[in-house]
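Protein chains in written order, with this note's numbering: chain C, 648 to 932; chain L, 31 to 186. Backbone N, C-alpha and C define an ideal beta-carbon position, used for all residues, glycine too. Model, not experiment: these values are computed from the prediction.
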């Protein structure tokens, strides 16, 4: 009696999973400004092969309008913030009277490829650094300027500029050597069932991508598109901001942007997208 | 010291709600099912229907589709369709699944709606802050009974 009950339940679940394929990733390709080809789906990196065959950008899970906004910089509201950051790039600040440009020249040249390899081990500092940490290190150590707030507008705009000049290049963060311990910590977090709802990142983004959770179409929770311009709050959002919200939504005590936990999680989540193109600033809902 | 005072006041609250109410930490499971009512008061299927559809109560439709709730927009696809759940499962089994689905389905994605211990970084609702002394089960004992009464009406 009981057994039949369970079997029927399971068949129901299987039928749903099959049905959910219709809601799955949209089959489409992204070329920005008719010139930058974006790899939005590719074979999963080796370290992930027991969990996923393919990795997919969150772009595939958004609707037609949202996807097309990202195909042209004139339609991508995130690019306005990139322009703001270009001004900041040239603006001298701090006791040394220097701007980013004083040391790095043209961002389009000198910063090409940088986004793709962060978070990254910094030998001198002896730590894994996110792009935000590196920007603040330049500000305090080389410019004699104040740190920017980790998830503040100045910072997220600057990371959008840095991402934009690497668009199309494959994410390739290192997970071995001195970064390995941090990566392991991030991996453990990814599979931890936080909060009163006891849901891990993997529960939603690995086991259920393509499915609807209430009105939301679950993606793989990749961060190759960050920062993202969200139609929901009409501004750019950094990856730690997203992590914070996702953990909060499990009815958990979340972590702070820039915390050691989120630095580790960022390295791990970034590595799940190794092979996908840098896409930021992307457009999401 | 502080904790014992809290326990006493919790016991008082429970007593005043209903002398027979089973506390979340005292629920007895047999093969994933709970034989006895948590309150001794018959569940109200109309109230239970409300709990399934409401975002601020059970929000069950975040994960499950239910044809009878088609007036509520956006049903999720994470768990099985609940149509016919009342034919597939006994009342005791439904009570067990709602209170703590992990007893019936180990590792289930379904949250435990009547449980208060064993969480990793439990929060204060959706604030992102740590849980405080107001922390309680996701549903009250009577709400669980109401949900069970409603699920029992979902016949094949």
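- Message: Less than 8 Å between CB atoms is the rule here; does residue 75(L) satisfy it with respect to chain C?
- Response: no
- Item | Contact under 8 Å by Cβ, residue 75(L) with residue 179(L) | yes
- Along chain C, in chain order, which residues have C-beta atoms closer than 8 Å to that of residue 150(L)? Listed by position along chain C, the residues whose Cβ is nearer than 8 Å to that of residue 150(L) are 839, 840, 841, 842, 845 and 899.
- Output, in chain order, the set of chain C residues within a Cβ distance shorter than 9 Å of residue 153(L). 841, 842, 843, 894, 895, 897, 898, 899, 900 and 901
- Query: How about the segment 738 to 751 of chain C and the segment 880 to 898 of chain C: do they share at least three Cβ pairs that are nearer than 8 Å?
  - Reply: no
- Task: May I ask you to report which of helix, strand or coil DSSP gives residue 212(L)?
- Result: Outside the shown range of chain L, which is 31 to 186, sits residue 212(L), and nothing can be said about it.
- Query: Is residue 148(L) closer than 8 Å to residue 161(L) when the C-beta atoms are compared?
  - Reply: no
- Message: Can you check which of these residues, 844(C), 895(C), 699(C) and 743(C), is closest to residue 853(C) by C-alpha distance?
- Response: Here the closest residue by C-alpha is 699(C).
- Indicate the three-state DSSP secondary structure (helix, strand or coil) for residue 776(C) in the structure shown. Residue 776(C) falls in the strand class under three-state DSSP.
- Query: Helix, strand or coil for residue 105(L) per DSSP?
  - Reply: coil
- Along the alpha helix (DSSP H) that carries residue 883(C), what are the first and last residues, could you check? For residue 883(C), there is no enclosing alpha helix (DSSP H); the enclosing beta strand (DSSP E) covers residues 882 to 884.
- So residue 791(C) packs on residue 741(C), CB below 8 Å; how close in whole Å? 4 Å
- Query: Does any C-beta atom of chain C lie closer than 8 Å to the C-beta of residue 80(L)?
  - Reply: no
- Expressed to the nearest angstrom, what Euclidean distance is found between the alpha-carbon atoms of residue 60(L) and residue 834(C)? 35 Å
- Starting from the Cα of residue 867(C), find the closest Cα among 713(C), 850(C) and 794(C) and give me that residue. 850(C)
- Own chain partners of residue 794(C) with C-beta closer than 7 Å, once the 5 adjacent residues on each side are dropped: 783, 786 and 787
- Query: If you measure beta-carbon to beta-carbon, which residues of the segment 47 to 67 of chain L are closer than 7 Å to chain C?
  - Reply: Within the segment 47 to 67 of chain L, no residue has its Cβ closer than 7 Å to any Cβ of chain C.
- Task: Quick one: residues in its chain with C-beta nearer than 8 Å to the C-beta of residue 660(C), no 5 flanking neighbours on either side, listed in chain order?
- Result: Bear in mind that a pLDDT of 40 at residue 660(C), under 50, signals an unreliable position, so the model cannot answer this.
- Task: Just list the beta strand (DSSP E) runs in the segment 109 to 170 of chain L, keeping only unbroken ones of 3 residues or longer that don't cross its boundaries, in chain order.
- Result: none
- Query: Between the segment 898 to 918 of chain C and the segment 763 to 781 of chain C, do at least 3 Cβ pairs fall closer than 8 Å?
  - Reply: yes
- Message: Which runs of the alpha helix (DSSP H) at least 4 residues long sit entirely within the segment 780 to 849 of chain C? Give them in chain order.
- Response: Listed in chain order, the complete alpha helix (DSSP H) runs (minimum 4 residues) inside the segment 780 to 849 of chain C are 800 to 811 and 827 to 837.
- Message: Measuring only the C-alpha atoms, how far is residue 842(C) from residue 902(C)?
- Response: One alpha carbon belongs to residue 842(C), the other to residue 902(C), and they sit about 12 Å apart.
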